[in-house]
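Novice:
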Amino acid sequence: MPFSIATWNINSVRLRAPLVERLILEQAPDVICLQETKCPDDLFPLARFQELGYRHIEIHGQKGYHGVATLARMPLEVVERRRFCEIPDSRHISVRLDAGGRSIVVHNFYVPAGGDEPDPVINPKFRHKLDFVAEMNAIRAEQDGASGSILVGDLNIAPLEHDVWSHKQLLKVVSHTPVETEGFEAMRKAGGWVDLMRLNVPPEQKLYTWWSYRAADWAASDRGRRLDHIWSSENLAPGLKRIDILRDARGWDRPSDHVPVIARFDFD
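Once you know that position 1 of the sequence shown is 132 in our numbering, the rest is easy, because the numbers rise by one and skip nothing.
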């Protein structure tokens, strides 16, 4: 059974609803996980996406900041809207769905960016980010013969050397500092998560999902980072057929600085 799931930091779902519609019309993933929706639940454009076939939508939003939403063609059951670091931000939602004869829990995350200064002593935003990732150790890739787990989102960390345009120049830049990348990879491995984007892409190959708005010509400079991720429990990884990073979406009209990433599976 084919199954596909997309993750995308949309950077305001109301402003960029036409881009989500374009993704639906061109790619039609079974599940779409959005981050940074910047929208309270009562103003989320539900009807707009339901008319396009995504009748099952679960959201965890707030006014003006953060926010995550999971849209699906199949029924969803909310598992949890978790609060991290005792801060009432809308940065996580998990749902359960059935696909390929399996019950799958899908975690949708928006990890704090961390500000500009990579020093937790003088930068509370960076401290929050480190604490948030540490708490993510509690999110495990639960699996058995009839179930599995997927974790997606804007995790705001580029963990590997070639997940950034210049490892050397970004070692002291938030999103690629050693304290972030080491804690991030330790958390992923401890939770039993498989990095699907790197499953069939060698670590020496550049891989990006984000390009800054600050670049005059983002495509020409190509100074990207891999901040968006798709992980799964080990038992789902053999079903992965491919990962599509929709780089062209960075050039769409009024784009997000992130692009959609789609994992496509074929479950036996």
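Ideal Cβ positions, reconstructed from N, Cα and C, are used throughout, including at glycine.
From W341 to W383, what does the alpha carbon distance come to, in whole angstroms?
Specialist: The sequence position of residue 341 within the sequence shown is 210, counting from 1. The sequence position of residue 383 within the sequence shown is 252, counting from 1. Their Cα atoms are separated by approximately 14 angstroms.
Novice: Look at the alpha carbon of E113 and the alpha carbon of W362, and state the distance between them as a whole number of angstroms.
Specialist: With the chain running from 132 to 399 in the structure shown, residue 113 is simply not present.
Novice: Mind checking A347: buried by the 16 CB within 10 Å criterion, or exposed?
Specialist: By 1-based counting over the sequence shown, the position of residue 347 is 216. It is exposed - the Cβ of A347 has fewer than 16 other Cβ atoms within 10 Å.
Novice: Over the uninterrupted alpha helix (DSSP H) stretch that includes P309, give me the two end residues.
Specialist: Here residue 309 refers to the residue found at position 178 of the sequence shown. It spans P309 to A321 - the alpha helix (DSSP H) in which P309 sits, taken as one unbroken run.
Novice: What are the start and end residues of the alpha helix (DSSP H) that includes A265?
Specialist: For the purposes of this step, residue 265 is identified with residue 134 of the sequence shown, where counting begins at 1. Secondary structure note for A265: its alpha helix (DSSP H) is the uninterrupted segment P255 to E266.
Novice: Just checking my contact of L358 with N254 at CB under 8 angstroms: how many whole Å lie between their CB atoms?
Specialist: Your numbering for residue 358 matches position 227 in the sequence shown. Your numbering for residue 254 matches position 123 in the sequence shown. With a Cβ gap of about 18 angstroms, L358 and N254 do not count as contacting.
Novice: In or out: I235 buried (at least 16 other Cβ within 10 Å) or exposed?
Specialist: By 1-based counting over the sequence shown, the position of residue 235 is 104. Answer is buried; the Cβ neighbour count reaches 16.
Novice: I need the straight-line Cα distance from G192 to R204, nearest angstrom please.
Specialist: Start at 1 with the first residue of the sequence shown, and residue 192 comes out as number 61. Start at 1 with the first residue of the sequence shown, and residue 204 comes out as number 73. In this model, G192 and R204 are separated by some 21 angstroms (Cα to Cα).
Novice: Taking C-beta to C-beta, are L165 and V144 nearer than 8 angstroms?
Specialist: Taking the sequence shown and counting its residues from 1, the one referred to as residue 165 is at position 34. Taking the sequence shown and counting its residues from 1, the one referred to as residue 144 is at position 13. Yes, Cβ-Cβ distance for L165 and V144 is below 8 angstroms.
Novice: What is the residue span of the beta strand (DSSP E) that A203 lies within?
Specialist: Working through the sequence shown from its first residue, we reach residue 203 at position 72. V199 to A203 is the extent of the beta strand (DSSP E) around A203.
Novice: Could you check whether the stretch 271–282 touches the stretch 203–223, counting it as contact only if at least three pairs of C-beta atoms, one from each stretch, sit closer than 8 angstroms?
Specialist: no
Novice: Please name the residue in N268, A394, V242 and S364 whose C-alpha comes closest to that of A289.
Specialist: Along the sequence shown, read from residue 1 onward, the residue named residue 289 stands at position 158. The shortest Cα separation from A289 among N268, A394, V242 and S364 belongs to V242.
Novice: Shortest alpha-carbon distance to P149 belongs to which of I393, V392 and P386?
Specialist: Counting from one through the sequence shown, the residue named residue 149 turns up at place 18. Measuring from the Cα of P149, the nearest candidate turns out to be P386.
Novice: Kindly list the residues whose CB is nearer than 7 angstroms to the CB of D353, restricted to its own chain and excluding five residues on each side of it in sequence; keep chain order.
Specialist: Locating residue 353 in the sequence shown gives position 222, counting from the first residue. The residues are W296.
Novice: Is the distance from the Cβ of V226 to the Cβ of E189 below 8 angstroms?
Specialist: Position 95 of the sequence shown, counting from 1, holds the residue named residue 226. Position 58 of the sequence shown, counting from 1, holds the residue named residue 189. Yes; because the gap between Cβ atoms is below 8 angstroms, this pair is in contact.
Novice: Return the residue from the list L291, L377 and E365 that minimises the CA-CA distance to P333.
Specialist: What you label residue 333 is simply residue 202 of the sequence shown in a count that begins at 1. Of L291, L377 and E365, the residue nearest in Cα terms is L291.
Novice: Assuming F134 is part of the beta strand (DSSP E), what are its boundary residues?
Specialist: Taking the first residue of the sequence shown as 1, we reach residue 134 at position 3. F134 -> beta strand (DSSP E) spans P133 to N140.
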